[in-house]
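So the sequences go chain by chain: A and B. The opening residue of the first sequence carries number 174 in the working numbering; numbering runs sequentially from there. The opening residue of the second sequence carries number 161 in the working numbering; numbering runs sequentially from there. Just so you know, even glycine gets a beta-carbon here, dropped at the ideal spot from N, CA and C. To keep things clear, I will list the structure first and then write my remarks on it.
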Amino acid sequence: MPIATKLAALAACAVLAILVYELVRKKKIREEYSLTWLALTAVSAVAILFDRLTLSVIRLLGGVNPSSLFFFAGILFCVLTLLKLTVHLSDLKRTQNVLIQENGLLCSRVNQLEKQAGGDRKEAGAGRGAER
Amino acid sequence: MNIPPRILVVIPAFNEADNLPHVLRELATLDPPPDAAVINDGSSDCTSRAAFEAGATVVVDLPVNAGLFCAVQTGFRHAYRNGYDIVIQVDADGQHDTSGIPALVRPIVEEGVDVVIGSRYLGQVEYRMPILRSVGTRVFGWLTSLAVGQPITDTTCGFRAYGPAAIRLLATDTSYEYRDAVGLVALHRGGFRLKEVPTTIRSRRSGRSSIGLWHTIVYPFHYLLALSVVLLRDPARKE
Numbered sequence: 174m175p176i177a178t179k180l181a182a183l184a185a186c187a188v189l190a191i192l193v194y195e196l197v198r199k200k201k202i203r204e205e206y207s208l209t210w211l212a213l214t215a216v217s218a219v220a221i222l223f224d225r226l227t228l229s230v231i232r233l234l235g236g237v238n239p240s241s242l243f244f245f246a247g248i249l250f251c252v253l254t255l256l257k258l259t260v261h262l263s264d265l266k267r268t269q270n271v272l273i274q275e276n277g278l279l280c281s282r283v284n285q286l287e288k289q290a291g292g293d294r295k296e297a298g299a300g301r302g303a304e305r
Numbered sequence: 161m162n163i164p165p166r167i168l169v170v171i172p173a174f175n176e177a178d179n180l181p182h183v184l185r186e187l188a189t190l191d192p193p194p195d196a197a198v199i200n201d202g203s204s205d206c207t208s209r210a211a212f213e214a215g216a217t218v219v220v221d222l223p224v225n226a227g228l229f230c231a232v233q234t235g236f237r238h239a240y241r242n243g244y245d246i247v248i249q250v251d252a253d254g255q256h257d258t259s260g261i262p263a264l265v266r267p268i269v270e271e272g273v274d275v276v277i278g279s280r281y282l283g284q285v286e287y288r289m290p291i292l293r294s295v296g297t298r299v300f301g302w303l304t305s306l307a308v309g310q311p312i313t314d315t316t317c318g319f320r321a322y323g324p325a326a327i328r329l330l331a332t333d334t335s336y337e338y339r340d341a342v343g344l345v346a347l348h349r350g351g352f353r354l355k356e357v358p359t360t361i362r363s364r365r366s367g368r369s370s371i372g373l374w375h376t377i378v379y380p381f382h383y384l385l386a387l388s389v390v391l392l393r394d395p396a397r398k399e
């Protein structure tokens, strides 16, 4: 791999890593979700730095063009990330439904208690009126 | 002396302000009239007020439209926490003939059945069902019968009664396994006893069904996937 290409690829990895780190620092991404992205940048950087090793892995897998491994790995990463997010989304949906149900039940209970308290106050007021 | 069971009728409602008062008035004619919990599933009309004015025992307003099963399960949670013995699920569109409630309750009280399903195919359908839906429900009925080893003719009818053990499970299990026709298979595998009784299904009093074409197309695939998963999964056992 030409040195200029290597440097550009490493710079792209560094930018991605810094971006992810910054998003974690600004609390836009939680630490546990950032780890996958940081691992991606680390693995990519290793693959770029040791390009001969990467090339031999590609040949071992029957690849001809080195870029095909990167495309394959990229697509695999996207699919696995989407799968992970789907699992997370399903879990969130379940939690959301429980919260919706509990919210509805609590509001109904509060309304009932407020009505009851209003009724009690009215009765107490009427009682005091009768005493006078 | 036998203590009569405490019955709660759970009515999930989404934009049913026109039909709901009729359903609640009909329930009030039963002897004794059961408690009615209307679960307003994020309606944009005045479903909630209509339910209050028509005399619902409790009205639960969900903050957003969360779907039928979420609304029904809210009713189960309310029933479980307030010590009800039997939950009857009734649609808010007036399609279910509530005079059939005693027939739904009887097998739970007298035979110890856990879930009683009202079947329009054993009883009467007073409206013309779309042909696709009619064929679909019969095929699902056949597949469900095969899976549970007893004849179930109407798996999609929402007019059902649940006994105490089923109430406990449906109120506490958040896996959503019990939300569709496949839920009957999951319950049967968990040791719950199912029974069908004839019922009458009428046409909607007003408005349109929320079941659209997309739902009708996707539902068979969803059913088959859910059925295969339920058959391979360890069921939650009846306590």
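{"Item": "Coil, strand or helix - Ala114 (chain B) by DSSP", "Value": "No information on residue 114 (chain B) is available, as it lies outside the stretch 161 to 399 that chain B covers here."}
{"Item": "The segment 202-230 of chain B: positions lying closer than 7 Å to chain A by Cβ", "Value": "Val218, Val219, Val220, Asp221, Leu222, Pro223, Val224, Ala226 and Cys230"}
{"Item": "Which of helix, strand or coil DSSP assigns to Ile361 (chain B)", "Value": "strand"}
{"Item": "Cross-chain neighbours of Arg237 (chain B) in chain A, by beta carbon under 7 Å", "Value": "Gln274 and Leu278"}
{"Item": "Closer than 8 Å to chain B by CB, Val260 (chain A)", "Value": "no"}
{"Item": "Below-8 Å beta-carbon distance, Val283 (chain A) vs any chain B residue", "Value": "no"}
{"Item": "DSSP state of Leu282 (chain B) mapped onto helix, strand, coil", "Value": "strand"}
{"Item": "is_contact[Thr234 (chain B), chain A] using C-beta, thresh 8 Å", "Value": "yes"}
{"Item": "Alpha-carbon to alpha-carbon, Gly235 (chain B) and Asp201 (chain B)", "Value": "11 Å"}
{"Item": "Asn200 (chain B) (DSSP reduced to helix, strand or coil)", "Value": "strand"}
{"Item": "Those residues which DSSP pairs with Ala321 (chain B) across a bridge", "Value": "B:Ile248 and B:Val276"}
{"Item": "Neighbour-count burial assignment, Ala216 (chain B), 16 or more Cβ in a 10 Å radius", "Value": "buried"}
{"Item": "For Glu286 (chain B), the nearest candidate out of B:Glu186, B:Thr189, B:Arg364 and B:His375 (CA to CA)", "Value": "B:Arg364"}
{"Item": "Best match in B:Pro193, B:Asn225, B:Arg241 and B:Pro358 for proximity to Gly276 (chain B) [C-alpha to C-alpha]", "Value": "Note that residue 276 (chain B) is Val in the sequence shown, not Gly. The option with the nearest alpha carbon to Val276 (chain B) is B:Pro358."}
{"Item": "Minimum C-alpha distance to Ser217 (chain A) - residue among A:Gln269, A:Arg198, A:Leu180 and A:Val283", "Value": "A:Leu180"}
{"Item": "Ranges of the alpha helix (DSSP H) found wholly within the segment 222-302 of chain A, counting only runs of at least 4", "Value": "224-233"}
{"Item": "Own chain partners of Ala214 (chain B) with C-beta closer than 7 Å, once the 5 adjacent residues on each side are dropped", "Value": "Leu180, Pro181, Leu184 and Arg185"}
{"Item": "Cβ-Cβ separation, Gly350 (chain B) to Ala386 (chain B) (assumed contact under 8 Å), whole Å", "Value": "Not a contact, Cβ separation roughly 15 Å."}
{"Item": "Residues near Glu204 (chain A) by beta carbon distance below 7 Å, same chain, minus five either side", "Value": "Val197"}
{"Item": "Between the CA atoms of Leu282 (chain B) and Arg288 (chain B) - distance to the nearest angstrom", "Value": "16 Å"}
{"Item": "Run of the alpha helix (DSSP H) containing Leu347 (chain B), from where it starts to where it stops", "Value": "Val342 to Arg349"}
{"Item": "Local conformation of Thr209 (chain A) per DSSP, three classes", "Value": "helix"}
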